[in-house]
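Quick note on this note's numbering: the sequence shown kicks off at 536 and runs consecutively. Ideal Cβ placement from N, Cα and C applies to all residues, glycine included. Before any comments, here is the structure.
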Amino acid sequence: MKEPLRQPLVLVTNDDGYGTPGIEAMVAALEAWATVLVIAPTHEQSACSHKFTLGRSLRYKKVGERRFSIEGTPADCVYLGVFGGERVAPRVPDLVVSGLNAGLNLGLDTYYSGTVAGAREAAMRGVPGMAVSAAARTDLGRAARVCSHLARNLLEVLEAPQPVVLNVNVPASGSWELRRTRLGRRVYGEGVEFRQDPRGREYLWLGGPGAARDDLSPGTDTHAVQAGAIGVTALPLMPCERDSDAIVDAVLRAFEATDEKGSER
Numbered sequence: 536m537k538e539p540l541r542q543p544l545v546l547v548t549n550d551d552g553y554g555t556p557g558i559e560a561m562v563a564a565l566e567a568w569a570t571v572l573v574i575a576p577t578h579e580q581s582a583c584s585h586k587f588t589l590g591r592s593l594r595y596k597k598v599g600e601r602r603f604s605i606e607g608t609p610a611d612c613v614y615l616g617v618f619g620g621e622r623v624a625p626r627v628p629d630l631v632v633s634g635l636n637a638g639l640n641l642g643l644d645t646y647y648s649g650t651v652a653g654a655r656e657a658a659m660r661g662v663p664g665m666a667v668s669a670a671a672r673t674d675l676g677r678a679a680r681v682c683s684h685l686a687r688n689l690l691e692v693l694e695a696p697q698p699v700v701l702n703v704n705v706p707a708s709g710s711w712e713l714r715r716t717r718l719g720r721r722v723y724g725e726g727v728e729f730r731q732d733p734r735g736r737e738y739l740w741l742g743g744p745g746a747a748r749d750d751l752s753p754g755t756d757t758h759a760v761q762a763g764a765i766g767v768t769a770l771p772l773m774p775c776e777r778d779s780d781a782i783v784d785a786v787l788r789a790f791e792a793t794d795e796k797g798s799e800r
């Protein structure tokens, strides 16, 4: 008698925090075909990038069956899900889904995003990861269903676990059109604002009012979302600008041409 197929184990995390609408919509969609393990930050961790907690303890709480909140980052959450053993999960997850994030993560946003870092941490540990984000005013249930389908398709395509990182951005258009994309560029209104509190002590705000202009070159994630399509971008686990190799070579040649005191040989 053939054994029944084992349900995939999908770890879900985010950077918006445990119990937020996006992660709950994502969990509900994934539970249609997978066993879901939820490990999410107790508090919001937006723009924490790939911060990993070292040198201090982490408080955690078991909220329910296969549900945990920890006072850490998305990367911490994924690490716990992979290496926490049977106290956390029956086995290593087959897939990590990070999101559904409240707001898009396009272009260079991916370097700041805790959502993307959750998926990247998974890939660093040999587990495929998918970061999923939705525009403001998006139907979260619909967006979660799209991302759930993609997650299932990803597992079906992979014959064995691979360090894959996908970044998925769902616009508010309601379209199910998918486009394979590359990272675009978002230009922000940058700035630093200095203020004083009522007691005369200075403080400051970093960053401007938000994205001022997006790269709309065809094939970019920014262009796809602007056109109302869902952008799916494969992110390199080890980012490297190959065009920078020539710069490194030039620096090394310049170094070789000088002595240790900095003067030319």
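Delimiting residues of the beta strand (DSSP E) encompassing residue i
| i | result |
| --- | --- |
| Val631 | 630-637 |
| Arg602 | 602-605 |
| Tyr723 | 721-723 |
Residue i classed as buried or exposed, judged by whether at least 16 other C-beta atoms fall within 10 angstroms
| i | result |
| --- | --- |
| Tyr614 | buried |
| Gly758 | Note that residue 758 is His in the sequence shown, not Gly. Counting Cβ neighbours within 10 Å, His758 comes out buried, since at least 16 surround it. |
| Phe790 | exposed |
| Gln731 | exposed |
| Gln542 | exposed |
| Ile782 | exposed |
C-beta atoms of residue i and residue j nearer than 8 Å
| i | j | result |
| --- | --- | --- |
| Pro576 | Thr608 | yes |
| Leu716 | Ser633 | Residue 716 is actually Thr in this sequence, not Leu. No, the pair does not count as a contact, with Cβ atoms beyond the cut-off. |
| Ile765 | Val705 | yes |
| Val617 | Gly664 | no |
| Val662 | Val767 | no |
| Ala569 | Leu546 | no |
| Asp550 | Gly649 | yes |
| Leu630 | Ala564 | no |
| Glu559 | His578 | no |
When the options are compared against residue i, the one with the closest alpha-carbon
| i | options | result |
| --- | --- | --- |
| Ser708 | Arg660, Ala781, Asp750, Gly763 | Gly763 |
| Ala658 | Ser648, Ala679, Arg626, Pro698 | Pro698 |
| Ser710 | Arg721, Leu718, Gly735, Arg680 | Arg680 |
Any C-beta of chain D under 8 Å from that of residue i
| i | result |
| --- | --- |
| Asp750 | Chain labels in this structure do not include chain D; a single protein chain is all it has. |
Boundaries of the alpha helix (DSSP H) in which residue i is found, first to last residue
| i | result |
| --- | --- |
| Ala563 | 556-565 |
| Gly649 | 649-659 |
| Tyr738 | Looking at the DSSP string, Tyr738 is not in any alpha helix (DSSP H); the run it does join, the beta strand (DSSP E), is 737-741. |
Contact between the region 690-699 and the region 574-593 is defined here as three or more beta-carbon pairs at a separation below 8 Å; is this criterion met? Proximity of the region 690-699 to the region 574-593 falls short of the contact definition, fewer than three beta-carbon pairs being nearer than 8 Å.
Pairs of beta-carbons, one from the region 594-603 and one from the region 639-659, closer than 8 Å: are there three or more? Touching, no.
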